[in-house]
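Taking it in order: structure first as structure tokens, then the write-up.
In structure tokens:
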């Protein structure tokens, strides 16, 4: 949707919870881009792997019928193939992240995030900034579905 851009932090969003990779200008060594597919509205689903974990990442616009507010709804499907790895998925990062109700967070001055999946989101500190993360450890063959909405207030 047209509107103010949403900036995401550098580095991989899905990473090891115990040994995260270094964030730099290079490609993370355990991540491999596998391409994308387009839905009927030509919105991409990006596919990549992290170690032995398969990931599908899809954004779509959603309009709240009551308020006409436009959201970006992000759906991420994570499937562990052969082993369980403690992971974290970084939803957002900023100097300041505050809980703004149940499963809603204010990220910086303008961005709001609503976590729609059942996994618990936590605010953590890393390198002088705060991160909104979901921690998970999918079992082999198990699919984890994460869903959240980004919007500007």
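Residue numbers (the working numbering): 7 to 159. Every residue gets a Cβ at the ideal spot worked out from N, C-alpha and C, and that includes glycine.
Item: Quick one, which of 122, 71, 96 and 20 has its alpha-carbon nearest residue 107's?; Value: 122
Item: Which residue from 115, 77, 90 and 41 puts its Cα closest to that of residue 57?; Value: 90
Item: Per the contact definition of three or more C-beta pairs closer than 8 Å, is the stretch 86-101 in contact with the stretch 136-145?; Value: yes
Item: Considering just the uninterrupted stretch of the beta strand (DSSP E) at residue 81, what are its terminal residues?; Value: 76-86
Item: Cβ atoms of residue 146 and residue 70: under 8 Å apart, would you say?; Value: no
Item: Kindly indicate the opening and closing residues of the beta strand (DSSP E) around residue 50.; Value: 50-56
Item: Once DSSP output is grouped into helix, strand and coil, what is the label at residue 104?; Value: strand
Item: So is residue 4 buried or exposed if we call it buried at 16+ other beta carbons inside 10 Å?; Value: Past the edges of the chain, shown from 7 to 159, lies residue 4, and the structure says nothing about it.
Item: Helix, strand or coil for residue 134 per DSSP?; Value: coil
Item: Would you mind stating whether residue 3 and residue 119 have Cβ atoms separated by less than 8 Å?; Value: Nothing about residue 3 can be read from this structure; the chain reaches only from 7 to 159.
Item: What would DSSP say about residue 125, mapped onto helix, strand or coil?; Value: coil
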